[in-house]
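Note sheet for the following structure.
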Amino acid sequence: MGLLFKVLKTENTEGCNKLIRRFLPCINQSYQSNESFDITENVKKYFEIAYLYTNLDSDKSLEYIRKGLNSGVIRHGWRKDGIVDHFLLDALSIMWNKYYFELQELQGFTKKYFQMVLAINQITDENYRCSAIKKIIEILLENDFELAKDMMKAVVSNNLHINELILQYCMALVKVGEPVDEIVSWFDYFDIVNHNEESISMKLQILLMIYKSDWYDKKEKESIRDKIRYYADEGWISTPVQWDEDLFQFYLNFCQNENIDAHLRNMTKEYEAEKNSEKNKFCKKIAKCKTKKYLQKLCDELMDYHNHIIIQSGDDWDMIVDKVYEIDGNADKILAYMEACKYPHDVYYTSNSSYFYMPLGRIIEKEGLTTKVWNHLKKNGGYGDFISIIRAYDYINNKKMCKRLFTRFFQYCEFLVYDESYYEQNTE
């Protein structure tokens with residue numbers, strides 16, 4: 058019906074405005090009751106209604122124009138837009154790790170963040186942000202165990218849990234000696250329908266941790282002994298598990314003591330120290346550099362990704378920045394490298410991009426946020442701005458700027474996620 062009246066209005070059909078005035082409430086109601094999951098389709102409807110209201114009710118027309126702009130331009134609608142569920146979460150993690158805010162403030166930000174994730178599930182084309190939820194709980198398990206327990210209840214009530222999260226949470230409960238019955242009660246949330254073998258492997262892992270732990274007495278351990286035998290003896294698990302060596306050895310000893318076959322294979326992780334020979338050679342050459350010409354040659358080597366020079370250490374970056382200042386008297390070569398890698402807009406463009414916050418922090422620490430640095434940030438700013446600059450100031454332990462930037466970043470994300478009704482409800 059709305060499309061029909063749009064055509065009539067476009068063609069300036071005689072008496073069209075009278076008809077539109079009469080049927081607009083019905084059209085409006087129809088559009089509201091049939092909102093689509095496709096944000097593009099909803100935006101189109103908002104602009105159609107805005108068009109129908111022209112020459113009839115200017116305020117209403119502007120209201121629907123704002124709705125269309127808010128939904129179509131400001132609010133992101135795609136699952137790969139990670140501003141909130143990756144960058145803001147990383148920033149929140151930094152705030153917790155350094156306790157830049159008081160505990161109550163951090164708790165407030167975290168609760169609001171969780172609500173933001175729930176809202177994103179409603180306004181984007183992905184409604185299952187597993188990694189973000191898992192990271193929130195991980196942060197809280199390290200910093201605020203009671204809030205982690207409360208939030209886990211909210212997670213399962215919203216059906217946002219996955220096996221990895223349940224395992225992570227149960228392991229944390231074992232480490233602090235929570236009652237066995239409480240831990241085992243979480244087994245009901247494992248996804249045995251879609252991931253049966255994985256679920257059984259994780260249950261067995263948790264039961265073995267309880268049996269191995271000094272928190273529990275002989276009676277408590279005996280209460281789960283048969284469960285361990287059941288999962289270990291029946292050959293439920295065919296694929297290799299990924300347990301730490303101590304726990305897997307404990308499993309082998311358990312099987313030996315119980316006279317049952319050890320069916321499981323462990324896929325051990327190799328923690329071999331990474332030998333970045335190219336990086337080591339480069340840093341040695343930089344440390345010995347004396348001339349501008351040779352410094353330029355080394356910077357060209359660093360910028361050539363074919364050389365595979367990856368600088369991950371803050372000490373190495375500090376040495377490089379200091380050497381550039383010593384020879385050139387400025388940070389132009391470092392800023393040029395960042396610009397070539399589209400930093401801070403893109404934090405994944407090269408292997409070094411995710412570490413650029415270190416030299417940026419060092420530059421700011423040495424001379425402050427100069428006009429040259431500020432112009433670089435403005436010119437190359439974009440998607441990763443907030444988290445990149447927060448990391449830079451965190452690198453130099455500037456608490457005041459980290460708090461200011463995080464607060465602004467949080468407000469910005471709320472602006473992206475919520476529509477006008479949210480602010481109307483929260484300002485009354």
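When we follow my numbering, the leftmost residue of the sequence shown carries the number 58, and every step to the right adds one. For each residue, glycine too, the CB sits at the ideal point set by N, CA and C.
*Could you check what DSSP says for N220 in three-state terms: helix, strand or coil?*
helix
_Simplified DSSP state of N337, which is helix, strand or coil_ = helix
*Whole alpha helix (DSSP H) elements within the region 137-182, 4-residue minimum*: 146-155 and 160-180
_Nonlocal neighbours in the same chain, by C-beta distance under 6 Å from E331, ignoring five residues either side_ = Legend: pLDDT at E331 = 49, less than 50; position of this residue unreliable, no value from coordinates given.
*What separation, rounded to the nearest whole angstrom, lies between the Cα atoms of A229 and S410?*
33 Å
*In three-state DSSP terms, what is V404?*
If DSSP states are grouped into helix, strand and coil, V404 belongs with coil.
*Check whether the Cβ of I77 lies closer than 9 Å to any Cβ atom in chain D.*
Among the protein chains of the structure shown there is no chain D, as only one such chain exists.
*For the alpha helix (DSSP H) holding F202, just list the boundary residues, first then last.*
F202 to S214
*Ignore the nearest five residues each way along the sequence and tell me which others in S280's own chain have a CB closer than 8 Å to its CB.*
Close CB contacts of S280 within its chain, under the 8 Å cut and outside five residues either way in sequence, are with V237 (chain order).
*Tell me, please, which residues DSSP counts as bridged to N323.*
V298
*Closest by C-alpha distance to I421, when choosing among E335, N387, M266 and K399*: N387
*If we count the other Cβ atoms within 10 Å of its Cβ and call it buried at 16 or more, is K260 buried or exposed?*
Under this definition K260 is a buried residue.
*How long is the line joining the alpha carbons of K399 and E302, rounded to whole angstroms?*
42 Å
*If you run the structure through DSSP and keep just helix, strand and coil, what is N112?*
coil
_Through-space distance from I106 to M58, alpha-carbon basis_ = Bear in mind that a pLDDT of 49 at M58, under 50, signals an unreliable position, so the model cannot answer this.
*Which residues mark the beginning and the end of the alpha helix (DSSP H) in which Q468 is found?*
K456 to V474
_Going by DSSP, what residue range makes up the alpha helix (DSSP H) through I391?_
D389 to A397
*asked:* I believe V231 touches S258 by the beta-carbon criterion, under 8 Å. Please report the beta-carbon distance rounded to the nearest angstrom.
replied: So it is not a contact: roughly 16 Å between Cβ atoms.
*Cβ of C459 within 9 Å of Cβ of I219?*
no
*asked:* Given a cut-off of 9 Å on the beta-carbon distance, is the pair K423 and V474 in contact?
replied: no
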